[in-house]
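Visitor:
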Amino acid sequence: MNEIQKFFPFWNKLNSDEQNIIAESISEKKFKKGRQINSEYSECAGIIALKKGTMRVYIISEEGREVTLYRLSEGDICVLSASCILESIAFDIHMDAESDLEILSIPSGTFRSVAEKNIYLKCYMYEEITKKFSEIMTAMQRILFTAVDKRLAVFLCEEYEKNGTRIKMTHEQIASNIGSVREVISRLLKHLEQEGAIKTGRGVLTIEDIDILRKNTI
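Position 42 of the sequence shown, counting from 1, maps to 460 under our numbering, and the rest follow consecutively.
1) In the structure shown, what three-state DSSP assignment does Glu577 receive?
2) Taking a contact to mean a Cβ-Cβ separation below 8 Å, would you say Ser499 touches Cys462 in this structure?
3) Taking the Cβ atom as the reference point for each residue, do Asp510 and Gly452 lie within a distance shorter than 8 Å?
4) For Glu603 versus Ala593, is the C-beta distance shorter than 8 Å?
5) Can you find the residues in the same chain that come closer than 8 Å, C-beta to C-beta, to Gln612, ignoring five residues on each side of it along the sequence?
6) Can Lys580 and Gly621 be called in contact, C-beta distance under 8 Å?
7) Between the Cα of Lys469 and those of Ile477, Ser523, His512, Glu553, spot the shortest distance and give me the residue it belongs to.
8) Count the other CB atoms, across all protein chains shown, that sit within 10 Å of the CB of Pro525; report buried if there are 16 or more and exposed otherwise.
9) Taking C-alpha atoms, which residue in Glu516, Phe425, Val485, Ala571 lies nearest to Gln454?
10) With a cut-off of 8 Å, does the C-beta of Glu442 fall near any C-beta of chain B?
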């Protein structure tokens with residue numbers, strides 16, 4: 419119970435019967451880095467809480483292009499993973515483990531049945547959805563209205579703030595995160611390397627001069 423309370427902030431707003439229903443339905447899963455999380459579920463994944471690791475949430479266009487919506491880390495909750503219980507959401511989302519991942523998930527059916535009787539839980543769900551759609555709109559604005567070289571610089575600066583000077587990503591992964599393609603990203607990274615901002619290697623990128631990168635975000 420203590421673990422559930424730690425990762426699901428709405429826990430204390432449930433009565434004892436509701437807590438028992440959810441506690442009995444929760445499952446814990448582990449995923450290796452690079453694994454697609456959706457593939458483990460016959461329907462949608464339900465409400466997911468991240469115990470450990472990072473996860474990327476994205477959509478795929480008809481042409482097969484991946485567009486990252488947002489990323490989650492330890493302690494975060496993903497409500498769009500339960501999109502099947504939200505009639506107004508008509509698109510499929512995909513989720514990949516960016517590192518070794520441990521999650522707790524509440525089945526969509528269980529969450530729906532409890533939320534129908536608990537107004538706090540229903541409000542919590544819609545509040546989280548609103549927050550995520552705000553992040554999605556920010557991501558879409560960047561893709562639509564910001565040049566790709568600036569998007570790249572912003573992304574690398576954000577990664578620097580979170581993870582330090584070493585960024586363990588391929589050019590393909592970086593492209594997916596900022597809504598571009600590998601060929602364009604490789605060319606731009608080469609230019610940044612020539613400027614002395616970064617140093618590239620196989621599957622890893624090192625920030626050499628963060629000030630140069632920050633100038634490229636303006």
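We put the CB at the ideal spot given by N, CA and C, even for glycine.
Guide: To lay it out plainly:
1) helix
2) With contacts defined by Cβ atoms closer than 8 Å, Ser499 and Cys462 form a contacting pair.
3) no
4) First, the amino acid is wrong: residue 603 is Ile here, not Glu. Against a cut-off of 8 Å, the Cβ pair of Ala593 and Ile603 comes out as a contact.
5) Closer than 8 Å at the Cβ level, and outside the excluded window around Gln612, lies no residue.
6) no
7) Ser523
8) Pro525 is buried by the Cβ-count criterion.
9) Ranking the options by Cα distance to Gln454, first place goes to Glu516.
10) The chain inventory of the structure shown lacks chain B, comprising one protein chain alone.
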